[in-house]
Every structure is written in C-alpha cells, then in structure tokens.
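Residue numbers (my numbering): 1 to 372.
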Ligand code: IPM
Ligand code: MN
C-alpha cells in the first residue's frame, strides 16, 4: 500500500512524541511492505512565531493533499495567562478541524490491565472498562458566535447546534455501537439548554433506525459522576464538543494516564490522529514524555484511515507486551515499578519498535494473549 502521511508535531511535547509515532509507522511500513511517504508541517505557537499564523496556508495545503495526519499538540504558556493576545495556538487546531470537516472525534478509553494500579481510581472499579467517546468536534460553543458588548464588560459564546450536525455524528456512534456492546449513552444538559433539547430529540430520532442498539440519555453532571462511580456501565458515549472535551479528560483517569490515550478526528475528508494530552510545557525538553499515546494514535490511523487492521493490532500488542515486561514512562510508573524500567521517551519508542519485530515474527518475548 502506498500512502502519504503528514506529521504535524506542533508545540511542546507534541514534537517529542510524534517522532516516536512516526518511527512506529516507519517500522510497520518496513515489516509489512508498505510505502509511507512522510512530510512535516507547522501549526500552533511554532507557526505563529514563524509566520504570524497558527495554521499557515502552506500547512493547510499539505493537510488537504495527503492520506492521513499524525498530530502532536498545540499550546504555549505565554498565552495561557494573557487573555489579551488575539492570535493563539489553539486557533490553528480549531481551524484545522473546521477546514478538514473533522466533525467526529473518537476517543477510546481502554485500560491496559498492566496499568490498573497507575490510576487514581480503585482497580476493582476500573477493571474491564472499555468506553468509546464520540465527541462532536466542529460545532457547539467552540464555533458559535462570540464577542463582547457593554464596552467589553460583557462577553458571550453562543452554544449552537443544527440538526444535521447531530445526525451525522449520531449515525457514527450507533454504527460503532453495533460492533461493540450495542449501547449508546447520549450526554447533554437538556434540563437547561435549548441546544441540548434539540440534541436529545435528534438522537432519539436517529436511534429509531438502530432498534438493536440500546439508547440511554444522561445529563452531563450525572455522567461526570457515573464515569468514575461505574465506568463499566458505559459502552459508546455520544456528546457535544464542550461536554466531550471535559468528560474525556476525566475519563483519561480510567486509562491510568492521559499519556496513554489516542484519538481520531474524522469526517468529510482526511483523518487526524493525535494523543489527547496537550503540549505539557512543564516537561517539554526533558525527554520523559510518554510516547505511547502517539504510537497508539498511529495504530488508530492505520486502522481507520487505511483499513490496515492487522498492522494496527500489531502496534497495540507491542505496547501491551512492553507494559507486560514492566517498562514504564514516569507518568505511568507506580510504587512497584523497578527503577531501571522507567524509560525515557526515545527508549520507550525503541522498546515498542523491537516488540513489533517480535510480534510480527510470531515470537512474543513476554507472556501471550488470551483476549485479543
Ligand atoms: C482537545 C484540546 C483542545 C480542545 C484545545 C487545545 C483547543 O483540549 O483536543 O481536547 O479544547 O478541543
Ligand atoms: Mn481537551
């Protein structure tokens, strides 16, 4: 298979982890005889510094002319505490989502058994959790009209949804639930918000086309509580842009660490694959970031954009083996982790790559799989 992949490292640890994500794709290409052609582009703070624009035209052009995108993160502390800055790194990300029509953000929350102890939640509550979030990504308060009035003393962001926006992501969620445990939990705030009442009505309509899938509605406050109280009760979660942003960070604790979570943004054109963690400037440059979410994002890319299931599974199995062998980055280490097995970013990358070789040659160094 011949494909063109754009690497979009962005800011902070985005650069450090996408290097490892790219290496894993290169390894897969070599092992399975595919030709992946890579190119890089700039976005976010780095792009503002270079061009004044967080999503330069040159970047957008490259993104529109490739088969898949592996993205890192955007953001810089300079902007966080200075609301007066008008041009911001995050605008690059939002514009990319809009321009590429990436209306569905899939965030799988799957816990590797080896990381049960790394979470701040009790192992017996977590064990067996497997949730797939469908977060709407190009609507809601993120893209509604925003502004100031009363000489700047009043500010507003309009929360807005149209029927077609809810319909298209609802279809994706129901279709996916059919391949899983056949349950969709739609999360909204329909007891207060008009946009949520439309959301709920549309999801009910679409649900009728999937009578084999159980549909449940939940208010976002209650969903936030139930996710921690009983994560196993969820299968597919369907929600809007803002609620999905918040709930998926919360749900990352179910997977042990933000450093483990990959995501896929798909829709009308090319797909973007990225870790859900941000640019993490507090650890940038230290070489200790966890590259596994980027590597697992590469696995999602192979599966969803290229239909390469076997290759995708190979990456996931390799990650599983590395964890089974006791290797950790600092964010997922616990009291029982042997000090020598706490790895730096690049060394963790090396471990996964050498496991791919072993998985691929049928030789698994550590343990074997019973459930995959
Ligand atoms: C995410 C991020 C972004 C969002 C930010 C960086 C704009 O938090 O992808 O979840 O809010 O969508
Ligand atoms: Mn977020």
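Glycine is no exception: its CB is placed at the ideal position from the N, C-alpha and C atoms.
Model, not experiment: these values are computed from the prediction.
What are the start and end residues of the alpha helix (DSSP H) that includes residue i?
i	result
residue 81	Unbroken run through residue 81: none, as it is neither H nor E.
residue 348	345-360
residue 298	292-304
residue 249	241-251
residue 205	194-207
residue 254	That residue, residue 254, is in no alpha helix (DSSP H); it is neither H nor E in DSSP.
residue 176	163-178
residue 342	Run containing residue 342: none; DSSP gives neither H nor E here.
residue 59	57-64
Check for me: the beta strand (DSSP E) holding residue i runs from which residue to which?
i	result
residue 71	68-73
residue 32	Segment 13-32 is the alpha helix (DSSP H) holding residue 32; no beta strand (DSSP E) there.
residue 273	271-275
residue 217	214-219
residue 86	No beta strand (DSSP E) contains residue 86, which DSSP labels as neither H nor E.
residue 148	146-149
residue 40	35-40
residue 185	183-188
Using only the alpha-carbon positions, how far apart do residue i and residue j sit?
i	j	result
residue 300	residue 22	13 Å
residue 18	residue 183	33 Å
residue 329	residue 345	7 Å
residue 48	residue 122	43 Å
residue 432	residue 284	Because the chain spans 1 through 372 in this model, residue 432 falls outside it and cannot be assessed.
residue 228	residue 254	8 Å
residue 111	residue 231	11 Å
residue 196	residue 237	15 Å
residue 367	residue 317	Caution applies to residue 367, whose pLDDT of 35 falls short of 50 and renders its modelled position unreliable; the value that the coordinates give is listed next. Roughly 11 Å separates the two Cα atoms.
residue 215	residue 338	45 Å
residue 193	residue 258	30 Å
residue 143	residue 71	21 Å
residue 239	residue 90	21 Å
residue 84	residue 290	33 Å
residue 109	residue 248	8 Å
residue 305	residue 297	11 Å
residue 187	residue 256	23 Å
residue 75	residue 12	7 Å
residue 3	residue 67	6 Å
residue 116	residue 224	20 Å
residue 309	residue 302	7 Å
residue 69	residue 6	5 Å
residue 190	residue 162	15 Å
residue 269	residue 145	25 Å
residue 353	residue 327	13 Å
residue 364	residue 221	Low local confidence applies: a pLDDT of 49 at residue 364 is under 50, so the model's placement there is unreliable, and no value is given.
residue 180	residue 235	7 Å
residue 369	residue 274	Low per-residue confidence applies at residue 369: pLDDT is 32, beneath 50, and the placement is therefore not dependable enough to give any value.
residue 159	residue 243	11 Å
residue 355	residue 324	11 Å
residue 134	residue 209	18 Å
residue 372	residue 320	With a pLDDT of 33 at residue 372, under the threshold of 50, the modelled position of that residue is not reliable, and the figure given next carries that caveat. Cα to Cα, the separation comes out at about 11 Å.
residue 292	residue 149	45 Å
residue 219	residue 34	46 Å
residue 43	residue 60	9 Å
residue 217	residue 138	22 Å
residue 245	residue 288	25 Å
residue 41	residue 8	5 Å
For residue i, is the beta carbon positioned less than 6 Å from some heavy atom of ligand 1?
i	result
residue 188	no
residue 100	no
residue 8	no
residue 90	yes
residue 55	no
residue 242	no
residue 261	no
residue 93	yes
Is residue i near ligand 2, going by C-beta to nearest heavy atom under 6 Å?
i	result
residue 245	yes
Next on the checklist: Tell me whether the region 196-207 and the region 163-173 touch, counting them as touching only if at least three CB pairs, one residue from each stretch, are closer than 8 Å.
Outcome noted: When Cβ pairs closer than 8 Å are counted between the two stretches, the region 196-207 is seen to touch the region 163-173, the count reaching three or more.
Checklist entry - Counting Cβ pairs, one atom from each stretch, are 3 or more of them under 8 Å apart for the region 258-273 and the region 103-115? => result yes
Checklist entry - Does the region 91-101 touch the region 45-59, meaning 3 or more C-beta pairs lie closer than 8 Å? => result yes
Item to check | Three CB pairs or more closer than 8 Å across the region 111-131 and the region 143-158 | outcome: The region 111-131 vs the region 143-158: no contact.
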